[in-house]
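Numbering (the working numbering), first residue to last: 235 to 372.
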């Protein structure tokens, strides 16, 4: 039997959850840098991005979702300014029953992590120092 590959109207993409650190040490210019990095990622891979903001708690304005063909825009008046705690973002993903292909946490500092590793890959990136850190459970 002869088999053929037929073109599709869509391509396979990945589901990425990105959390922006909005703690007191992050300013407007750093948030714009974070969004620039997200756009660079989206230019390289077909990704549906679920974006959230968190300092010691999740922003009540989020999450924001961008399909692969949509650009990421920084939401206006993102709340924050407190300390850094990573746990609310992990708890939110668990409560929503999400299983992203990867969680990327854009931050400038250390913070409190959940006690156990999630079931999905996590990358915590310190853009301000141009280095990638490993999470405690990688």
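A virtual CB, placed ideally from N, CA and C, is assigned to each residue, including glycine. Predicted model, so just to flag it, every value in this text is computed and none were measured.
What is the rounded straight-line gap between the Cα of residue i and the Cα of residue j?
i           : j           : result
residue 273 : residue 288 : 19 angstroms
residue 333 : residue 263 : 30 angstroms
residue 254 : residue 342 : 10 angstroms
residue 291 : residue 329 : 15 angstroms
residue 260 : residue 267 : 11 angstroms
residue 247 : residue 303 : 11 angstroms
residue 296 : residue 286 : 5 angstroms
residue 300 : residue 271 : 14 angstroms
residue 249 : residue 354 : 11 angstroms
residue 275 : residue 252 : 11 angstroms
residue 356 : residue 345 : 15 angstroms
residue 284 : residue 347 : 20 angstroms
So, helix, strand or coil for residue i, using DSSP?
i           : result
residue 346 : strand
residue 387 : There is simply no residue 387 to check, as the chain begins at 235 and stops at 372 in what is shown.
residue 266 : helix
So residue i packs on residue j, CB below 8 angstroms; how close in whole Å?
i           : j           : result
residue 314 : residue 257 : 6 angstroms
residue 349 : residue 324 : No, residue 349 and residue 324 are not in contact; Cβ-Cβ is about 10 angstroms, not under 8 angstroms.
residue 293 : residue 269 : About 14 angstroms separates the two Cβ atoms, so there is no contact after all.
task = Determine contact between the segment 296-307 and the segment 335-353, defined as no fewer than three beta-carbon pairs at a distance below 8 angstroms.
result = no
ask   = For the 8 angstroms Cβ check, are there 3 or more pairs between the segment 275-282 and the segment 318-332?
value = no
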